[in-house]
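Here the sequence shown stands for residues -25 to -1, 1 to 164, where the numbers follow mature numbering (1 follows the signal peptide of the UniProt record, and there is no 0).
Below is one structure, written out as structure tokens, with a few remarks after it.
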Amino acid sequence: MHVSLGLSTVVLLFCGKFQPLGTVANHILPAQSAFSSRVVKRNEDLRHQVLGELNEFRAKFADAAQVSNMNELTYDLELEKVASQYNSCHLDRDTWKRLEHNEMNYYLYKKQLENDFVEHAAFHRNDTEELKKLFGNEDLFVAALQPNVSKVGCYHFPSLCVHKIWSRAAIFTDVKRSTVRGLCVFGPK
């Protein structure tokens, strides 16, 4: 009798530790919780970092080019969702055209390119025509430096990419290729 009572207790304890097949436990293991909170924290840190970098770039350009109405950006999760649709730095032609047609966008290039642009703008601050030449249809910075935009959402690529820099940029930089960390979309349109 003692043996069967002991065996029953062991079986009950053993069964309580496992879920029947086809069911999912409704609790999160501590390791899963720590992992997901690290991912959320990393995403929040990236958002905060890119927002700070973009606002700094916009402020430096506004000062250099004497733009008095440059809005400060706020981060927008809806625009981040839009940016995440363009989740590759090597978009096919149709996707690229759709992006260019529908969204004010900016690739996150290396800082040297932005700094060279601001330096050139400061040097030509009194030459309106020279400054206008910097902004064309295929300009690197036109979306990021629109004074009236106030929101941004960005998608960070899983790995860095490298882009060739358009030839017209040679007037302000020696950079021929740049790493690209992600893509940002600005609003409102």
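Glycine residues also receive a C-beta, built at the ideal position from the N, C-alpha and C atoms.
Review point. How close, in whole Å, do the beta carbons of Ala58 and Leu158 come, if the pair is a contact with beta carbons under 8 Å?
Key: 5 Å
Check your understanding: Residues in its own chain within less than 8 Å of Phe155 by CB, not counting five upstream and five downstream?
Key -> Looking at the sequence itself, residue 155 is Val, so the reference to Phe does not match. These residues qualify, in order along the chain: Cys64, Tyr82, Leu83, Tyr84, Phe132, Leu135, Cys136, Val137 and His138.
Point to revise | Unbroken stretches of the alpha helix (DSSP H), 4 residues or longer, contained in the stretch 91 to 147 | key: 103 to 108
Practice item. Count the other CB atoms, across all protein chains shown, that sit within 10 Å of the CB of Ser142; report buried if there are 16 or more and exposed otherwise. Key: exposed
Point to revise | As assigned by DSSP and simplified to three states, the class of residue 229 | key: With the chain running from -25 to 164 in the structure shown, residue 229 is simply not present.
**Study point:** Straight-line gap, residue 165 to Lys108 (C-alpha atoms, nearest Å)
**Key:** Limits of the chain in this structure are -25 at one end and 164 at the other, which puts residue 165 out of reach.
**Study point:** Own chain, CB closer than 6 Å to Ala97, minus 5 neighbours either side, in chain order
**Key:** Ala39
Review point. Once you ignore the five residues that flank Ser11 on each side, which residues in its own chain have a CB closer than 6 Å to its CB?
Key: Bear in mind that a pLDDT of 48 at Ser11, under 50, signals an unreliable position, so the model cannot answer this.
Practice item. Can you tell me the Cβ-Cβ gap for Asp51 and Val127, rounded? I've got them flagged as a contact below 8 Å. Key: 7 Å
Practice item. May I ask you to report which of helix, strand or coil DSSP gives Val42? Key: coil
Check your understanding: Exposed or buried, what is Asn80 when buried is set at 16 or more other beta-carbons lying within 10 Å of its beta-carbon?
Key -> buried
Point to revise | Arg68 burial status per 10 Å Cβ neighbour count (16 or more: buried) | key: exposed
Check your understanding: Do Thr70 and Tyr61 have their CB atoms nearer than 8 Å?
Key -> yes
Check your understanding: In or out: Ala144 buried (at least 16 other Cβ within 10 Å) or exposed?
Key -> buried
Review point. Just the Cα atoms here: how many angstroms apart are His99 and Glu75?
Key: 28 Å
Review point. Under 8 Å between the Cβ atoms of Val150 and Gln87?
Key: yes
Practice item. Quick one: residues in its chain with C-beta nearer than 7 Å to the C-beta of Val93, no 5 flanking neighbours on either side, listed in chain order? Key: Lys35, Phe36 and Ala39
Review point. How would you write the range of the alpha helix (DSSP H) that Leu74 sits in, first residue to last?
Key: Arg68 to Asn77
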